[in-house]
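Asker: Residue numbers (my numbering): 452 to 769. Note that CB positions come from ideal geometry on N, CA and C, so glycine has one too. Sharing a structure with you now.
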């Protein structure tokens, strides 16, 4: 089994931060990595790094290290989507998928990775999970317009996404102590004074408690829930995208992993986008990718050997 790395957008910083990250890895770790990419895009990025490299039939030699590669030729919709398509198929036989950043227009009719995965695998309950050295956050919705949130966030959806997340983290032996769930309305609805939507969360939590052994708290006011966190192993659950990511990115910057829960295999990605404005300038900050790639390798080791090793690696900032 390997960590299959898909190249991301050819005009983004994905390949740059990947190459900078693998140069920090050990030979043993590098043996677990397989890049899926187009040769032309790889060469374009490598030239911008101003490091010696050579391209071979199934590998890249970069400043003295070897990176194994699946070279792509024909494009299906876009370069990044072609790479993701092969990565998914390879992972279905065992492995970890690691997707470098791409843009939403690179998917054929989908708003991004998670939406495409949900459709492809027919699993609408797939969850978007974020991990960092000191914080872990689960989003119960992602790229959804505000006007559609109330209709989307039913009791059943809340329950199903929570249950799937807990079951997946348990299968991965991912350290989790408590689950803290935010409300949807300001102040978690003030017991019905600001909308009745938060009653759905209360009902979903009651169902969840009958299925799992973890302590589940909520609904809690989204603006102060962070103060209830007692450990980095507490899982903070937010009802909508920016409600949770504002907290996560405000505290962690881009040192974190975006992880999809509920796929037939683990999927990791750096917690940042394409940064088109930095493309080709050799100025991209690679630390988030390095952290996330390290987590993906640790996950591969865990599922390969069945070891209950901690998911928390050291931040590249330390």
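Considering only residues of the region 568 to 624, which uninterrupted alpha helix (DSSP H) runs meet the minimum length of 4 residues and lie entirely inside it, listed in chain order?
Answerer: 597 to 603, 606 to 622
Asker: In chain order, which continuous runs of the alpha helix (DSSP H) of length 4 or greater are located wholly inside the region 479 to 548?
Answerer: 490 to 500, 530 to 542
Asker: What's the call for residue 709, buried or exposed, on a 16-neighbour Cβ count within 10 Å?
Answerer: buried
Asker: If you check the beta carbons only, do residue 572 and residue 714 fall under 8 Å apart?
Answerer: yes
Asker: Helix, strand or coil: which one does DSSP assign to residue 565?
Answerer: helix
Asker: Hey, out of 698, 630, 538, whose CA is closest to residue 656's CA?
Answerer: 630
Asker: What is the DSSP secondary structure of residue 659, counted as helix, strand or coil?
Answerer: helix
Asker: Residue 739 lies in the alpha helix (DSSP H); which residues open and close that run?
Answerer: 738 to 756
Asker: If I measure Cβ to Cβ from residue 498 and keep anything under 7 Å in the same chain, skipping five residues before and after, which residues do I get?
Answerer: If the five residues before and after residue 498 are omitted, its C-beta is found closer than 7 Å to no C-beta atom of its own chain.
Asker: From residue 465 to residue 695, what distance separates their C-alpha atoms?
Answerer: 24 Å
Asker: Taking residue 693 as part of the beta strand (DSSP E), name the residues at either end of that continuous run.
Answerer: First-last for residue 693: 692 to 703, but that is the alpha helix (DSSP H), not the beta strand (DSSP E).
Asker: For residue 537 and residue 521, which I take to be in contact (beta-carbon distance under 8 Å), what is that distance rounded to the nearest angstrom?
Answerer: That pair is a contact at about 7 Å.
Asker: Determine the burial state of residue 735: buried for a count of at least 16 other Cβ atoms within 10 Å of its Cβ, exposed for fewer.
Answerer: The residue in question, residue 735, is buried, as its Cβ has 16 or more Cβ neighbours within 10 Å.
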